[in-house]
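Following: one structure in structure tokens, then a few remarks.
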Amino acid sequence: MKRSAVYPGSFDPITKGHLDIIKRASQIFDEVIVAVLINPDKKGLFNIEERVELIKRVTRDIENVKTESFHGLLVDYMNEKGSNVIIKGLRAVSDFEYELQMSHMNKKLDATIETVFLMTSAKYSYLSSSSIKQVVMFGGCIDDLVPNEIIPDIMLKIDKK
Ligand code: ADP
């Protein structure tokens, strides 16, 4: 049976921290589905289609990774996909508290689902999509923080704001 895992998040935009988790998960599971959460209440920098496109662009060489978007309950989406593993990245204790709560809730909703945590690589432990947006907004350099091929997209978006 194909072992499939879902890596959910906002990915607004994808960072090198996210990409590192995707690469490592793709070595553990037969298939990794990166799932961009559609949250109508939260307007991001990139719209959902753009976020999916950026992720597809930077993961195109990893054969067993695909990217989609979803709305509603993660457990429902996972059942639709025939996957019972959620991948999460952990950066700090603050992530842990929130993620522990989420994993218990998902377990309550569907006892067959397991959450697997991958520890951040030390070099990306301070990285988040929101900090990247702030750095760009104030003219800082984001080389090394996001994949090179999406830097122009981020610059253009922030310029238009
Ligand atoms: P962010 O917190 O950067 O806005 P998301 O909400 O899109 O990111 O996060 C999706 C998942 O990726 C979460 O499990 C989050 O903990 C994980 N993640 C985000 N940044 C990193 C990082 N630098 N290293 C490891 N995991 C990360």
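Going letter by letter, the sequence shown gives residues 108 to 268 in the numbering used here.
Ideal Cβ placement from N, Cα and C applies to all residues, glycine included.
None of these values were measured; they are calculated from a predicted model.
Under three-state DSSP, which class holds residue i?
i, result
"residue 234", "coil"
"residue 259", "helix"
"residue 149", "coil"
"residue 144", "strand"
"residue 203", "helix"
"residue 243", "helix"
"residue 166", "helix"
"residue 108", "coil"
"residue 124", "helix"
"residue 180", "coil"
"residue 220", "coil"
"residue 253", "coil"
Round the Cβ separation of residue i and residue j to the nearest angstrom and send it over; I've been treating them as touching at under 8 Å.
i, j, result
"residue 113", "residue 193", "6 Å"
"residue 137", "residue 110", "5 Å"
"residue 119", "residue 236", "5 Å"
"residue 155", "residue 141", "That pair is no contact at about 12 Å."
"residue 123", "residue 254", "6 Å"
"residue 249", "residue 265", "That belief does not hold up - the Cβ atoms of residue 249 and residue 265 are roughly 10 Å apart, past 8 Å."
"residue 262", "residue 242", "Not really, about 12 Å apart at Cβ, beyond 8 Å."
"residue 176", "residue 220", "Contact doesn't hold; Cβ gap of about 19 Å is too wide."
"residue 121", "residue 165", "6 Å"
"residue 206", "residue 195", "5 Å"
"residue 191", "residue 133", "17 Å between Cβ atoms; not a contact."
"residue 226", "residue 252", "About 19 Å separates the two Cβ atoms, so there is no contact after all."
Quick one: is residue i buried, meaning 16 or more other Cβ sit within 10 Å of its Cβ, or exposed?
i, result
"residue 125", "buried"
"residue 201", "exposed"
"residue 180", "exposed"
"residue 203", "exposed"
"residue 218", "exposed"
"residue 234", "buried"
"residue 212", "exposed"
"residue 135", "exposed"
"residue 185", "buried"
"residue 153", "buried"
At a Cβ threshold of 8 Å, is residue i touching chain D?
i, result
"residue 240", "The chain labelled as chain D is not found in the depicted structure, where only one protein chain is given."
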